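Participant: One structure, as structure tokens, below. Some questions next.
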Amino acid sequence: MDDGLRVTDRLVIPDAELRERFSRSSGPGGQGVNTTDSRVELSFDLAGSPSVPEALRARALDRLAGRLVDGVLTVAASEYRAQLANREAARERMGALLREAVAPPPKPRRPTRPSRAAKERRLAEKKRQSQRKRDRRVDGD
Numbered sequence: 001m002d003d004g005l006r007v008t009d010r011l012v013i014p015d016a017e018l019r020e021r022f023s024r025s026s027g028p029g030g031q032g033v034n035t036t037d038s039r040v041e042l043s044f045d046l047a048g049s050p051s052v053p054e055a056l057r058a059r060a061l062d063r064l065a066g067r068l069v070d071g072v073l074t075v076a077a078s079e080y081r082a083q084l085a086n087r088e089a090a091r092e093r094m095g096a097l098l099r100e101a102v103a104p105p106p107k108p109r110r111p112t113r114p115s116r117a118a119k120e121r122r123l124a125e126k127k128r129q130s131q132r133k134r135d136r137r138v139d140g141d
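Shown next, in the form of structure tokens:
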């Protein structure tokens, strides 16, 4: 947690743009769960961030539209007993979400058609299967 959140080789979110909130967590922890603020909420203002290039920001805002609240992406982590482990988990999750959101779109699929040989193989297999079923039939004659 020193130089920021590394999303890709070229995109690093500075720690100053990340907000952490701590609260009491449900789950494992015994009596300590009632006294320790181990749950972590990590927030990042994606819409207003100067560190994300405009093209990547537009793509990420579009892909994460369902998860954003006023342009802010929030991730919560409470699966560990230790606050530090939850902080690391929240940062990992935030990085993975942003990495997936700014990834370039996949190449468009080039439509193809089955070859003539493939069509013939399919039809031959259908005939074989049909013959097999016909041979199993018991005629009522």
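Everything in the sequence shown is counted per this note's numbering, starting at 1 for the first residue and increasing by one. No residue lacks a Cβ here, since even glycine has one placed at the ideal position from N, Cα and C. Since the structure is predicted, the reported quantities are computational estimates derived from the model, not experimental observations.
Apart from the five residues on each side of it in sequence, which residues of its chain come closer than 8 Å, Cβ to Cβ, to L154?
Facilitator: Nothing about residue 154 can be read from this structure; the chain reaches only from 1 to 141.
Participant: Measure the C-alpha to C-alpha separation of Y80 and E88 and round it to an integer number of angstroms.
Facilitator: 10 Å
Participant: With distance defined between alpha-carbon atoms, name the residue in R10, R59, V52, A90 nearest to P106.
Facilitator: R59
Participant: Just to confirm my understanding: we take V12, look at its own chain, exclude 5 residues before and 5 after, and list those with CB closer than 8 Å. What are they?
Facilitator: D3, G4, L5, R6, S51.
Participant: Where does L123 land, buried or exposed, given buried means 16+ other C-beta within 10 angstroms?
Facilitator: exposed
Participant: How many whole angstroms separate the CB atoms of A90 and A103, which I take to be in contact at a CB cut-off of 8 Å?
Facilitator: That belief does not hold up - the Cβ atoms of A90 and A103 are roughly 21 Å apart, past 8 Å.
Participant: Could you tell me the alpha carbon to alpha carbon distance between A117 and D15, rounded to whole angstroms?
Facilitator: 59 Å
Participant: So what does DSSP say about D139, is it helix, strand or coil?
Facilitator: coil
Participant: Identify which residue in Q83, R57, A82, L84 has its Cα closest to the Cα of G71.
Facilitator: R57
Participant: Rank E125, T112, E41, G48 by C-alpha distance to the C-alpha of L92 and give the top, closest one.
Facilitator: According to the sequence shown, residue 92 is Glu rather than Leu. E92 has its Cα closest to that of E41, out of E125, T112, E41, G48.
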